[in-house]
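**Student:** Got a structure for you, questions after.
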Amino acid sequence: MTEQAAAPAPHHAGPEPMTGAQSLIRSLEAVGADTVFGIPGGAILPAYDPLMDSVKVRHILVRHEQGAGHAATGFAQATGRVGVCMATSGPGATNLVTPLADAYMDSVPVVAITGQVSSKAIGTDAFQEADICGITMPITKHNFLVTDADEIPRVIAEAFHIAATGRPGPVLVDIAKDALQARTTFRWPVEAQLPGYRPVTKPHAKQIREAAKLLAAAKRPVLYVGGGVLKANATAELRILAELTGAPVVTTLMALGAFPDSHDQHLGMPGMHGSVAAVTALQKADLLFALGTRFDDRVTGKLDTFAPHAKVVHADIDPAEIGKNRAADVPIVGDAREIIADLIVAVQQEQAAAQAAGDRRFDYGQWWEQLNAWRKTYPLGYDAAPEGMLSPQQVIERIGQKVGSDAIYAAGVGQHQMWASQFITFDKPATWLNSGGAGTMGYAVPAAMGAKAGCPDAQVWAIDGDGCFQMTNQELVTCALNNIPIKVAIINNGSLGMVRQWQTLFYNQRYSNTVLHDGPENDGKGPAAGTRIPDFVKLSEAMGCHALRCERPEDLDAVIEKAMALNDAPVVIDFIVHQDAMVWPMVPAGVSNDEILAARDVRPDFGDEND
1 MTEQAAAPAP HHAGPEPMTG AQSLIRSLEA VGADTVFGIP GGAILPAYDP
51 LMDSVKVRHI LVRHEQGAGH AATGFAQATG RVGVCMATSG PGATNLVTPL
101 ADAYMDSVPV VAITGQVSSK AIGTDAFQEA DICGITMPIT KHNFLVTDAD
151 EIPRVIAEAF HIAATGRPGP VLVDIAKDAL QARTTFRWPV EAQLPGYRPV
201 TKPHAKQIRE AAKLLAAAKR PVLYVGGGVL KANATAELRI LAELTGAPVV
251 TTLMALGAFP DSHDQHLGMP GMHGSVAAVT ALQKADLLFA LGTRFDDRVT
301 GKLDTFAPHA KVVHADIDPA EIGKNRAADV PIVGDAREII ADLIVAVQQE
351 QAAAQAAGDR RFDYGQWWEQ LNAWRKTYPL GYDAAPEGML SPQQVIERIG
401 QKVGSDAIYA AGVGQHQMWA SQFITFDKPA TWLNSGGAGT MGYAVPAAMG
451 AKAGCPDAQV WAIDGDGCFQ MTNQELVTCA LNNIPIKVAI INNGSLGMVR
501 QWQTLFYNQR YSNTVLHDGP ENDGKGPAAG TRIPDFVKLS EAMGCHALRC
551 ERPEDLDAVI EKAMALNDAP VVIDFIVHQD AMVWPMVPAG VSNDEILAAR
601 DVRPDFGDEN D
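Using the UniProt record's numbering, the first residue of the sequence shown is number 1, and each one after it goes up by one.
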């Protein structure tokens, strides 16, 4: 996230008398916020009166504060700008906790504005009082409690700056009701008071040179790319570096689209459900070039067995991430875009030196022979569905093929999330939105709503499960009433699919509390006709949406095409799929990535070429 993203819009106003609430709205206008997702209530109500008069800030009235938070996250992920949500005190504010934790885990720039009881009542257990600053301290990058109306412009400017710069993240601004009601004098621009906040963006030249030397000497390097590359708008630089070196690239779940899936150097996604080639490349590498990634447990598996032969170059804007999980031989602190740009120059110098000396540095020929063999032997794939039934992977793959790589896809959490990451081709940045670190069910619909509000000309599809959909589908009402025509594909297998998969594999097929319908539990066919509760078609129509259902493979293309043609309201498609499909490959939790299963009971044999 570049610093320019947080810079206030040019706006110079002399002292102007107004209320704190008016000052809040003027401050939002001054920082360039044009969309706010929220719900009014007692403590925040003073802010909603001047909000009604703003011609620059659009407020979208959501149906639940969780929806406001996820919508702000989806807006930020799709646009690269700060997302904004607003709620009242007490339960309104606490309903933002989950989306704030979600944004914190995935480093998404969000500013949440909450009302608070009057300053004299703070600490008295007043009606709808909650210490939201205390509650959210571990899950926000920073938070503020404002009790003086004069402080509102400065705090808003600082909140947006903190959220968008350095490692992005959520910032909460809690404003006492009497501060919103008090008279104040609005001044802009403001002078920030952040003496201890100076994110390092420029990398150290010596570390860059050392990293380039390691890359030159390596025989089995991997560019291990995380979401920080997307946050830094460094995808163009990444492609130049990758093509310059010829090294293989893996992109984490949060980095899909940072490097084109269709590029020949892309091995896929690493991790628990990553491609065999990507997972094994990391295991067998002699150099991990980690860019904007945090060595998450879902990528590393059993940490002390991860990439045992590899030296590590770890580049990240957050120094706290370097060495947290894996020691770095060359640590580099800085903005990913600046790091990669400097690396390109250093690598060119190393290549020139190698050519002049006539040596074989940057020779990855044997490595690519092995990588291509793994890709050919263990490609991503899936079993056909039972006769006459839909395969969930087939549905998601076909949506990606028909809709294309220009669309924005937001996924819920579970099997459908993993299948979407595997079978949709992501060739462009900011086209894949999901809850990676927190794994928040219910993310997809409101995040898609936020993305569509921020990118109204883009096609936006939510790939959701029937479990996730039932957590936040009320935001379809918001979409219908605010002309936000998203598409929602419900992958309906009648169960909590990923939990059911674990029960199948690790709990002797004891399906405790994972069935979501009242039909036969173990017939392998999902919800039977006439037993769907709720009926998603009727429910969606009641919320002002077009609603379709698809149960047969032969109808798949026609249903997707019909959904694509309907653009005057949200569209929901209930895809009835069989319930026994599982996500492969898989590294079971807590084991080494060497134990990856390409399919059930299929463990690849990689030999001992690096042992």
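Cβ coordinates follow ideal geometry from the N, Cα and C atoms, glycine included. If you're wondering where the values come from, they're calculated on a predicted model, not measured in any experiment.
Between which residues of its own chain and alanine 444 is the CB-CB distance below 7 Å, once the five residues before and five after are set aside?
**Tutor:** Looking up residue 444 in the sequence shown gives position 444. Excluding sequence neighbours, alanine 444 sits near Ala410, Ala411, Gly412, Ala462, Ile463, Asp464 and Cys468.
**Student:** Determine the closest residue to aspartate 296 out of Gln348, Ala357 and Arg326, with distance taken between C-alpha atoms.
**Tutor:** Along the sequence shown, one-based indexing puts residue 296 at 296. The residue with the shortest Cα to Cα distance from aspartate 296 is Arg326.
**Student:** Is methionine 18 helix, strand or coil when you go by DSSP?
**Tutor:** Locating residue 18 in the sequence shown gives position 18, counting from the first residue. Strand.
**Student:** Are there three or more Cβ pairs, one per stretch, closer than 8 Å when the region 265-283 is compared with the region 326-338?
**Tutor:** By the C-beta criterion, the region 265-283 is judged not to be in contact with the region 326-338, since fewer than 3 inter-stretch pairs fall below 8 Å.
**Student:** Could you pull out every residue in the same chain whose Cβ sits closer than 6 Å to the Cβ of glycine 442, ignoring the five residues on either side in sequence?
**Tutor:** As a position in the sequence shown, residue 442 is number 442, starting the count at 1. Within the same chain, glycine 442 has close Cβ partners Cys468, Met471 and Thr472.
**Student:** What distance in whole Å lies between the Cβ atoms of alanine 157 and valine 110, which are believed to be in contact at a cut-off of 8 Å?
**Tutor:** The count along the sequence shown starts at 1 and reaches residue 110 at position 110. The count along the sequence shown starts at 1 and reaches residue 157 at position 157. About 16 Å separates the two Cβ atoms, so there is no contact after all.
**Student:** Just verifying my parser: in three-state terms, what is the DSSP assignment at lysine 213?
**Tutor:** Here residue 213 corresponds to residue number 213 of the sequence shown, with the count starting at 1. Three-state DSSP puts lysine 213 in a helix.
**Student:** Excluding the 5 residues preceding and the 5 following asparagine 593 in the sequence, name in chain order all residues of the same chain whose CB lies nearer than 6 Å to its CB.
**Tutor:** Residue mapping note: residue 593 aligns to position 593 of the sequence shown, counting from 1. Excluding residues within five positions, the ones whose Cβ falls inside 6 Å are Val279, Gln283, Gly301 and Val587.
**Student:** From threonine 136 to leucine 100, what distance separates their C-alpha atoms?
**Tutor:** Mapped onto the sequence shown, residue 136 falls at position 136. Mapped onto the sequence shown, residue 100 falls at position 100. One C-alpha to the other measures close to 8 Å.
**Student:** Have a look at residue 623 and phenylalanine 259 and give me their C-alpha separation to the nearest angstrom.
**Tutor:** For the chain, the structure presents residues 1 to 611; residue 623 sits outside this window and is missing.
**Student:** Using CA atoms only, rank isn't needed, just tell me which of Lys452, Gln415 and Ala451 is closest to glycine 439.
**Tutor:** To locate residue 439, count along the sequence shown from 1; it is residue 439. Residue Gln415 is the option with its Cα nearest to glycine 439.
**Student:** Kindly indicate the opening and closing residues of the beta strand (DSSP E) around proline 153.
**Tutor:** As a first step, residue 153 is located in the sequence shown; it is residue number 153 there, counting from the start. Element bounds for proline 153: not the beta strand (DSSP E) but the alpha helix (DSSP H), 152-164.
**Student:** Are at least three pairs of beta-carbons, each pair with one atom in the region 549-561 and one in the region 386-403, less than 8 Å apart?
**Tutor:** Three or more Cβ pairs closer than 8 Å define a contact, and the region 549-561 meets that threshold against the region 386-403.
**Student:** Among Ala290, Ile491, Ala565 and Ser89, which has the Cα closest to the Cα of proline 485?
**Tutor:** Within the sequence shown, numbered from 1, the residue matching residue 485 stands at position 485. It is Ala565.
**Student:** DSSP on residue 638, reduced to helix/strand/coil?
**Tutor:** Because the chain in this structure spans residues 1 to 611, residue 638 falls outside the shown range and cannot be described.
**Student:** Quick test of the definition: if touching needs 3 or more C-beta pairs under 8 Å, does the region 169-186 touch the region 94-108?
**Tutor:** Pairwise C-beta distances place the region 169-186 in contact with the region 94-108, as three or more of them are shorter than 8 Å.
**Student:** Just to confirm the assignment, what range does the alpha helix (DSSP H) spanning proline 99 have?
**Tutor:** In the sequence shown, counting from the first residue as 1, residue 99 sits at position 99. 97-105 is the span of the alpha helix (DSSP H), which, as asked, contains proline 99.
**Student:** Would leucine 215 and valine 347 be called neighbours here (beta carbons separated by less than 8 Å)?
**Tutor:** Numbered from 1 along the sequence shown, position 215 holds the residue referred to as residue 215. Numbered from 1 along the sequence shown, position 347 holds the residue referred to as residue 347. Yes, the Cβ-Cβ distance between leucine 215 and valine 347 is below 8 Å.
**Student:** Can you tell me whether proline 91 is helix, strand or coil according to DSSP?
**Tutor:** Here residue 91 refers to the residue found at position 91 when the sequence shown is read from its first residue. Helix.
**Student:** Have a look at Gly246, Met254, Ala217 and Leu481 and flag the residue whose alpha-carbon is nearest the alpha-carbon of leucine 371.
**Tutor:** Here residue 371 corresponds to residue number 371 of the sequence shown, with the count starting at 1. Comparing Cα positions, the closest option is Gly246.
**Student:** What is the DSSP secondary structure of lysine 141, counted as helix, strand or coil?
**Tutor:** Here the question's residue 141 lines up with position 141 in the sequence shown. Lysine 141: coil per DSSP, three-state reduction.
**Student:** Could you check what DSSP says for proline 10 in three-state terms: helix, strand or coil?
**Tutor:** Locating residue 10 in the sequence shown gives position 10, counting from the first residue. Here the model assigns proline 10 a pLDDT of 47, short of 50, so the residue's position is not dependable and the matter cannot be decided.
**Student:** Given glutamate 350, which residues of its chain have a CB within under 8 Å of its CB, disregarding the five upstream and five downstream residues?
**Tutor:** Counting from 1 along the sequence shown, the entry for residue 350 is found at position 350. Within the same chain, glutamate 350 has close Cβ partners Ala212, Lys213, Leu215, Ala216, Arg361 and Phe362.
**Student:** Can you tell me whether tyrosine 507 is buried or exposed, with buried defined as 16 or more other CB within 10 angstroms of its CB?
**Tutor:** On the sequence shown, residue 507 is found 507 positions in, with the first residue counted as 1. Classification of tyrosine 507: exposed, given that the 10 Å Cβ count is below 16.
**Student:** At a cut of 8 Å, does the region 305-312 reach the region 397-407 through at least three beta carbon pairs?
**Tutor:** no
**Student:** Which ranges would you report for the beta strand (DSSP E) in the region 366-414 if only whole runs of at least 3 residues count?
**Tutor:** 408-411
**Student:** Any idea if proline 585 is buried or exposed, counting beta-carbon neighbours within 10 angstroms, 16 or more meaning buried?
**Tutor:** Residue numbering aside, residue 585 sits at position 585 when the sequence shown is read from its first letter. Buried: at least 16 other Cβ atoms inside 10 Å.
**Student:** Per DSSP, what kind of secondary structure is glycine 526 in: helix, strand or coil?
**Tutor:** By 1-based counting over the sequence shown, the position of residue 526 is 526. Note that glycine 526 has pLDDT 49, beneath the 50 cutoff, so the model's placement of it is unreliable and the number below is only indicative. Note: glycine 526 maps to coil in three-state DSSP.
**Student:** Which term fits alanine 179, buried or exposed, when burial requires 16 or more other beta carbons within 10 angstroms of its beta carbon?
**Tutor:** Position 179 of the sequence shown, counting from 1, holds the residue named residue 179. Flag for alanine 179 reads buried.
**Student:** Nearest to valine 155 by CA position, among Ser119, Asp125, Leu476 and Ala112, is which residue?
**Tutor:** The count along the sequence shown starts at 1 and reaches residue 155 at position 155. Taking only the C-alpha atoms, the option nearest valine 155 is Ala112.
**Student:** Within 8 Å (strictly less), CB to CB, does isoleucine 135 reach chain E?
**Tutor:** No chain E is present in this structure, which holds just one protein chain.
**Student:** Is it true that the CB of alanine 451 sits closer than 8 Å to the CB of alanine 78?
**Tutor:** Locating residue 78 in the sequence shown gives position 78, where the first residue counts as 1. Locating residue 451 in the sequence shown gives position 451, where the first residue counts as 1. Against a cut-off of 8 Å, the Cβ pair of alanine 451 and alanine 78 comes out as a contact.
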